[in-house]
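Colleague: Quick one: structure below, then a few questions.
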Amino acid sequence: MQMLGKHFDIAFAASDGIKKLRELILTLAMQGKLVPQDPKDQPARELLQEVAAEKKLLVRDRKIKAPKPMPEIRANEVPYALPVGWEWVRLGEIGLIGSSSRVHQKDWRASGVPFYRAREIVKLSKNGFVDNDLFIAEELFESLTASGLVPTSGDIMITGVGTIGIPYVVKENDRFYFKDASVLIFKNFFKIFPFYLLHLFRSQLWNNSIHEESMGTTVHTLTIVRANEILIPLPPLAEQRRIVAKIDQLMARCDELEKLRAERDQKRFTVHAAAINQLLTSADINDFSNAWRFITQHFAELYSVNENVAELRKAILQLAVMGKLVPQDPHDQTAGEILKEIAAEKKRLVKEGKIKATKPLPDINSEDVPYGLPSGWTWVRLGTCLLKITDGTHHSPPNVETGDYLYISAKNIKDDGVLLTNATYVTSKVHKEIFSRCDPEYGDILYIKDGATTGIVTINNLKEPFSMLSSVALLKQPRQIDNKYLLFALRSPLFYHEMRSGMTGVAITRVTLQKLNNAIIPLPPLAEQRRIVSRIDQLMVLCDELDRYIIKCQGLADRLMNATVADATGMQKIGGVMVANTKDEKFKAGSDDEILLASDLPREKQSIKNFTLRKFSMSTGYRSLLTLDCLFHGDVRLVSEVSPVCLVGLNGSGKSNLIEAIADVFCFLELINLPWKKIATDSSKYKKNDHFFELEYDIETNDGFHEVVIKKNKKNGVEFYLRGESDILIPVLPGIEQLKLLPRRVIGYSSGLNETVSHPFLRTKTLYSEEVRDAAPKPGAPMSNSKSVIDTRTLYMDYESNAAILICNYIFKTQAELSVINDYTRVNGVSSFNLRFNKKRTGRSADSRIVRLTLELESALKSFLRCAEKESQFSPDKEEYELEFNLDEKTASRFREEFSNAEALFMAMHKWSLLNALVLSDAQRTVFLKEDITKGTLERPPSVPPKDRIFNIADLKLNLSTPAITIDYSGLSDGEHQFIQVFGTVMLFNEPGSLFLFDEPESHFNPEWRTRFNVILNSLPNAKLHEFMISTHSPFLVSGSRGCNVFKFERNGANVGCKPVDFETYGASFDYLLNKLFGIESMIDQNARAELEEIIRGGNKEAMENALGDFAESREKRRLYQALIEKEEGVK
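Its first residue numbered 2, the sequence shown is counted upward by one per residue in this note's numbering.
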């Protein structure tokens, strides 16, 4: 609750902050956190004993039937621990849940005893009263009272259909009956405090429970059986009363908050409306300036809600057509002169037969105009200043989904143009008839004149001819009227309301063409029209920014409120992060279940849509790099393609060091926010990092678009911000809020033996394996003691992961998705494979010889057992399993039933493989647990022999297309292995928003594959929504990358430089790139080149002629030809 008090104002600025506060109060109450416990209270256990004794008496006296025994409460049903003196109990144990006798519709009356259905109970619960229109006769009520369950004071009615679970406490003077099945009754025979139960039935705990397994499809139902079995927390009776008193007190405070917020909002709207009205009605420049000064002085408060921004947009348009938005220029051609030109043009067009002559419209009188206009302006009727006003066909023709010409109606007209979603078509014959009268062209104005959306107006953005229905009017403006000014004039509030007032029609109201022709608009000089349009465009961009900023601030307030609730109510707290234990044994990591598994938090819930790295700088240097300062993607990112950041340079120039540095930073940012045991305290050495860095990236989540800024300018502590309006940096709370704003995954890969890129990942991997080890139950303890471990989002794809990638993709991906592998490699499918599980740790003492499993790992093993060719039974005491899989459709189907997708299957294998690290000695594991992994590491990462591994994939056999045979996985070439690993990884992790760090991913590729690297990458699903950083020596990759994303690394003695190239690389030839990037001027062997140059310099004609047959064709050989020609012509 401390956090709630500290951030009170912003928490309740959240869109549903007070609603969440009410939910929080009830949640805390049901967790025993709202009022202190009193050890003198009679504990709930004794209360339950009294209830059981009373129940026996009622059964003995035949007042109730003997209830069926309730199911025993299992450990994995209990959502959280309760205070001392409380008990978890099934609802049916503390009362009698039943329904009414059937009352037939023929027995309903217009007066008598009220008869309530679910809808009446909902109204009673909300308002405390109901205007009832159904009754039953007194005689029938009396007979039902004698034979059935009738509501009495202290009972609780609960809705059983529709909006289920809504409670109402029966009052002393209530007298009613209720509909069977529609309403349940909780007979409070044992005098549990009814208002405690009322609040329980309004809590999230109750709502989650009843909806988790509510019966029914379209309509939810709550059955008696289900209600009886629901688990509820029962405090001592005295504490129940204290809880209710505290809830009532806090709910009254919430009522006050709602009232204050409503008053504040109304005041904001009222003040804004008055300020805008003063702007619009200002008599002179002084009044206008004063009105605008008031708005600017209170801008932040007035424009903290989108509703006021919408009103500001309207005001901008109205000011524009009043001549108050831009200054007038006396040199402009006047509107009167413009109208003379328009009249002359219309006369000419009539003479040429291009438009029809129209009758003169009435003169505009002084009483027709709503306000005065500046000098040079004039009021004009639309029919006078436009070339044509007409509408589409009044006889709706047959229209179909495909045809010759588009058929546009009001549903297609939107503010930003003509929308073709759900568009229909007409035949050429029908179109010709309609188009002869109504001929819309690009740039014309289209105005909805019929129906509920009358007044929506847009500029035609279609260049193709189309037909229209009469619900849309066509307005053709002359060249003397800017079509965008006309658009804004028709959108101005005054014109909009004038058109919509007095609309005629019965079934559909409409604006007639006559009304449109006679409507008046203010017409400024053409030059001023254009200045007005420019100014409106600028101001509308500012309004767009205001809207986005408000939404972003609202999102921050909502997230802060969520963090407050999570902090206060955490059902299971691990380092301050709220998680729920896995309840289902079936392993479904990666599914979209409503329950948030600890193993999935927060990655699966954040719904990242895009990730773009913008800046990375490091002032402390990293390995061979002294300083770094890199900006990526220029001003905009080409979202239509994958545009990898390419790092180019000679060996030893530091390319891999930059990739490792970025990996190190993201691994560090994750570690400092994870609630793992070894890093739970601020003093943990794993929360330390000696490097100073700045990081900026764009990330789009389900909360919206965010610019993230992260700074570390001192030894301890990281500053984590969101960039707001005017570059204001808004701090982000540590823990789950920062985790949510990291990339969905950070995935590393290196093709060479120098695997320094892997070091940051291996440190996290080692910590994770030890966290899993410590979370498993102790020997002899039940699996319910298993603790949840939050996943790491960082993965290093080593050679051992390649087999798992291939298997997972071929089980889950479609043939179309797999075609990229089939087309480029010989692999046509997975034939078979084995999975080996071995819980024995070689060389360990008896106490630590067997690896203990968490509930998650055990669940995964059970799923693998169910998928195997010969399904095995799980036994906690069994130490080894070897499972065989022939990957036919039947086996693949079993995998798809057990695992939600390819990534979930891979992660199950990956988590088991992490246990292999536990076979290593303590000394080997600590290699990657140093504070600074860049110091003192010489050898490659230690590995575990296959025979000693806890988990291993073995005997993987593949089907080839050419030749059509089955081979061992090891029979593939190095290039094929690399192709499957690199592109298979991107295919596997296809959910948007990941950062891929690839160190020379094409080193084993043939030239053709290298030229197509970017083409293949762009063909993979969602690849353009990830970020790729690739180090390479290959001009092939660089030629497919934009110049703003290519960085050249150069070493000058001990100094290593990294800077973006100063030329465009996209589509550059390879010899050009080799020359610019590596200084290579010749594409042939240097010995051959030296020999050719020596022959040319020698000038011996015979030697030159002999050399023609000794050297292959090249640019250098062309110089030999030229030298011979010059020799023969005698030209030096």
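Heads up, the beta-carbon is just placed ideally off N, CA and C, and yes, glycines get one too.
1) State buried or exposed for Lys355, treating a residue as buried only when at least 16 other CB atoms are found within 10 Å of its CB.
2) Assuming Val431 and Ser468 make a contact with CB atoms under 8 Å, what is their CB distance in whole Å?
3) Give me the Cα-Cα distance between His8 and Gly18, rounded to the nearest whole angstrom.
4) Alpha carbon to alpha carbon, how far is Tyr797 from Glu442?
5) Who are the Cβ neighbours of Arg1043 in its own chain at under 6 Å, not counting the five residues just before and after it?
6) So is Lys766 buried or exposed if we call it buried at 16+ other beta carbons inside 10 Å?
7) Enumerated in chain order, which unbroken segments of the beta strand (DSSP E) with a length of 3 residues or greater are wholly contained in the stretch 68-111?
8) Please state the DSSP three-state secondary structure of His273.
9) Quick test of your reading: Tyr722 and Leu730, contact by CB under 8 Å. State the CB separation rounded to the nearest angstrom.
10) Would you identify the three-state DSSP class for Trp913, choosing helix, strand or coil?
11) Please state the DSSP three-state secondary structure of Lys64.
12) To the nearest angstrom, how far is it from the Cα of Ser215 to the Cα of Ile231?
13) Quick one: what does DSSP say Thr976 is sitting in, helix, strand or coil?
14) When DSSP labels each residue in this structure, what does Trp1010 get in the three-state scheme?
15) My output table needs one value for Ile1081: the three-state DSSP class, helix, strand or coil.
16) To test your reading of the DSSP string, which unbroken beta strand (DSSP E) runs of 3 or more residues are found completely within the stretch 682-726?
17) Helix, strand or coil for Val790 per DSSP?
18) Shortest alpha-carbon distance to Asp392 belongs to which of Asp451, Gly404, Lys360?
19) Assign Thr28 to one of three DSSP states: helix, strand, or coil.
20) Specify the secondary structure class of Asn611 as computed by DSSP and reduced to three states.
21) Do Thr459 and His447 count as a contact pair if the criterion is CB distance below 7 Å?
22) Would you kindly report the start and end of the unbroken beta strand (DSSP E) that includes Val1207?
23) Beta-carbon separation of Ile414 and Ile449 under 7 Å?
24) Where does the unbroken alpha helix (DSSP H) through Phe838 begin, and where does it stop?
25) I need the straight-line Cα distance from Lys686 to Gln50, nearest angstrom please.
26) Go ahead and pull the three-state DSSP assignment for Thr855.
27) Using the Cβ count rule (16 or more neighbours within 10 Å means buried), how would you classify Glu661?
28) Within 10 angstroms of the Cβ of Phe588, are there 16 or more other Cβ atoms? Answer buried if so, exposed if not.
29) From what residue to what residue does the alpha helix (DSSP H) around Phe990 run?
30) Quick one: using the 10 Å Cβ neighbour count with 16 as the cut-off for buried, is Val507 buried or exposed?
31) Is the separation between the beta-carbon of Ile748 and that of Leu675 shorter than 7 Å?
32) Measure the CB-CB distance between Asn810 and Ala905 and report whether it falls below 7 Å.
33) Give the secondary structure of Phe142 by DSSP, where H, G and I count as helix, E and B as strand, and everything else as coil.
34) Hey, would you say Arg23 sits closer than 7 Å to Cys255, going by beta carbons?
35) Any idea if Pro877 is buried or exposed, counting beta-carbon neighbours within 10 angstroms, 16 or more meaning buried?
36) Contact between the stretch 136-154 and the stretch 92-112: three or more CB pairs below 8 Å?
Modeller: According to the structure data:
1) exposed
2) 7 Å
3) For His8, the predicted structure reports a pLDDT of 40, less than 50, and the residue's modelled location is therefore unreliable. A value from the coordinates is still provided. His8 and Gly18: Cα-Cα distance of roughly 12 Å.
4) 57 Å
5) Ser644, Tyr1067
6) buried
7) 88-91, 97-99
8) helix
9) 4 Å
10) helix
11) coil
12) In this prediction, Ser215 scores a pLDDT of 47, lower than 50, which makes its location untrustworthy; no coordinate-derived value is stated.
13) The amino acid occupying residue 976 in the given sequence is Gly; Thr does not appear at that position. The answer is helix: DSSP assigns Gly976 an H, G or I state.
14) helix
15) coil
16) 694-702, 705-713, 720-724
17) coil
18) Asp451
19) helix
20) strand
21) Just to set this straight, residue 447 is Leu in the shown sequence, not His. Closer than 7 Å, so yes.
22) Coverage of the chain is limited to positions 2 through 1133, which leaves residue 1207 absent and any answer about it impossible.
23) yes
24) It is not in any alpha helix (DSSP H) - Phe838 instead sits in the beta strand (DSSP E) that spans 828-839.
25) 52 Å
26) coil
27) buried
28) Confidence in Phe588 is poor, its pLDDT being 30 and thus under 50, which makes the residue's placement unreliable; the coordinate value appears in the next sentence. Phe588 comes out buried.
29) Phe990 -> no alpha helix (DSSP H), and no H or E assigned at all.
30) exposed
31) no
32) no
33) helix
34) yes
35) exposed
36) yes
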